[in-house]
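Below: one structure, written as structure tokens.
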Amino acid sequence: MGASQSISFPITVINTIVADAIEQMVGALEAKLRKKASFEQAVLEVVRETYNQHKRIVFNGDGYSAAWHKEAAKRGLLNLRTAVDAIERFTDEKNIQLFSRLGVLSEREIHARQEIMYDIYFKQVNIEGETTEWIVQTQILPGALSYLAELSEIEVKSKAVQRTIQQVVEATDALSDALEKLKVQNAELGGDEVHEKAHHMRDNVLPAMAEVRKAADALERILADKYWPLPSYREMLFVK
Numbered sequence: 001m002g003a004s005q006s007i008s009f010p011i012t013v014i015n016t017i018v019a020d021a022i023e024q025m026v027g028a029l030e031a032k033l034r035k036k037a038s039f040e041q042a043v044l045e046v047v048r049e050t051y052n053q054h055k056r057i058v059f060n061g062d063g064y065s066a067a068w069h070k071e072a073a074k075r076g077l078l079n080l081r082t083a084v085d086a087i088e089r090f091t092d093e094k095n096i097q098l099f100s101r102l103g104v105l106s107e108r109e110i111h112a113r114q115e116i117m118y119d120i121y122f123k124q125v126n127i128e129g130e131t132t133e134w135i136v137q138t139q140i141l142p143g144a145l146s147y148l149a150e151l152s153e154i155e156v157k158s159k160a161v162q163r164t165i166q167q168v169v170e171a172t173d174a175l176s177d178a179l180e181k182l183k184v185q186n187a188e189l190g191g192d193e194v195h196e197k198a199h200h201m202r203d204n205v206l207p208a209m210a211e212v213r214k215a216a217d218a219l220e221r222i223l224a225d226k227y228w229p230l231p232s233y234r235e236m237l238f239v240k
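Number 240 marks the last residue of the sequence shown (UniProt numbering); no jumps.
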């Protein structure tokens with residue numbers, strides 16, 4: 001979903017969370033002022049109490065490191081690794097209460113948005129899975145087989161030729177096996193409900209796609225350039 005997703009709803013969520021936090025802090029500040037505390041003292045106390053209550057979320061290290069994942073678990077923080085995980089939690093009671101209380105979304109609207117997000121995720125990954133299957137079946141495998149045909153026609157069967165043939169055969173077979181597994185998962189939608197389909201995409205299609213990519217990457221490294229039908233990593237990253 002990532003970069004292609006509109007930022008409007010994520011910003012709506014952030015603004016809702018910020019508004020709720022401000023409302024809570026204002027309420028705490030007003031309560032202290034009613035007890036005749038000075039404004040400066042009340043502000044300091046609210047800031048101190050708020051930080052002490054939520055300081056476990058403060059982390060000034062590398063948020064992308066594996067160490068942070070371990071630290072987050074140690075602190076008891078929620079760590080949602082996939083879009084489906086996050087979509088599932090959208091209808092948690094505390095979230096429904098938050099959006100309803102601030103008049104942003106009703107409970108019915110929240111459930112409707114969840115269904116839409118599941119559907120978008122399912123369709124996007126389904127398209128990616130089908131596209132991966134098509135590219136491998138119609139472009140990469142034919143290129144590999146053509147290279148093998150050329151190698152088999154070489155009359156002088158040197159060790160280099162035999163070794164290359166063996167490497168290409170093994171890599172091509174590995175890719176073909178991975179492709180067949182992906183085809184099976186692409187043909188399965190996971191169920192009738194959209195959330196079941198989304199779970200199938202996450203749990204089965206994406207891992208199958210990853211295996212296809214791994215096999216294709218291995219084949220790319222040993223295939224002659226003229227038989228690789230796509231821009232290679234080397235061309236995209238290093239060749240100007």
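Using N, Cα and C, we set each Cβ at its ideal position, and we do this for glycine too.
Only a predicted model underlies this, so the values are computations on that prediction, with no experimental measurement involved.
Per-residue burial, residue i [other beta carbons within 10 Å of its own, 16 or more giving buried]
{"i": "H54", "result": "exposed"}
{"i": "M236", "result": "exposed"}
{"i": "I140", "result": "buried"}
{"i": "A202", "result": "The sequence shown places Arg at residue 202, not Ala. Buried: at least 16 other Cβ atoms inside 10 Å."}
{"i": "Q24", "result": "exposed"}
Residue closest to residue i, alpha-carbon to alpha-carbon, out of the options
{"i": "M117", "options": "V212, E133, V194", "result": "V194"}
{"i": "V136", "options": "I120, L179, E170, Y233", "result": "L179"}
{"i": "L98", "options": "T131, I17, G76", "result": "I17"}
{"i": "L145", "options": "E133, M209, Y233, E170", "result": "E170"}
{"i": "E115", "options": "S232, I14, H199", "result": "H199"}
{"i": "L230", "options": "G143, L189, R75", "result": "G143"}
Residue i (DSSP reduced to helix, strand or coil)
{"i": "K214", "result": "helix"}
{"i": "E188", "result": "coil"}
{"i": "F90", "result": "coil"}
{"i": "T132", "result": "helix"}
{"i": "T138", "result": "helix"}
{"i": "I110", "result": "helix"}
{"i": "T16", "result": "helix"}
{"i": "residue 241", "result": "The question about residue 241 has no answer, for the chain in this structure spans 1 to 240."}
> So, do the segment 119 to 134 and the segment 156 to 169 have three or more beta carbon pairs nearer to each other than 8 Å?
Replying inline: no
>> For the segment 54 to 69 against the segment 99 to 107, do three or more pairs of beta-carbon atoms, one drawn from each stretch, fall closer than 8 Å, so that the two count as touching?
In response: Contact fails: fewer than three Cβ-Cβ distances are below 8 Å.
>> Across the segment 146 to 155 and the segment 219 to 235, are there enough close Cβ pairs to call them in contact, namely three or more that are closer than 8 Å?
In response: The segment 146 to 155, when compared against the segment 219 to 235, does touch it at the 8 Å Cβ threshold.
>> Counting beta carbon pairs with one atom in the segment 187 to 202 and one in the segment 84 to 93, are three or more of them shorter than 8 Å?
In response: yes
>> As an exercise, report each continuous alpha helix (DSSP H) stretch of at least 4 residues that is fully enclosed by the segment 142 to 200, in chain order.
In response: 159 to 187, 194 to 200
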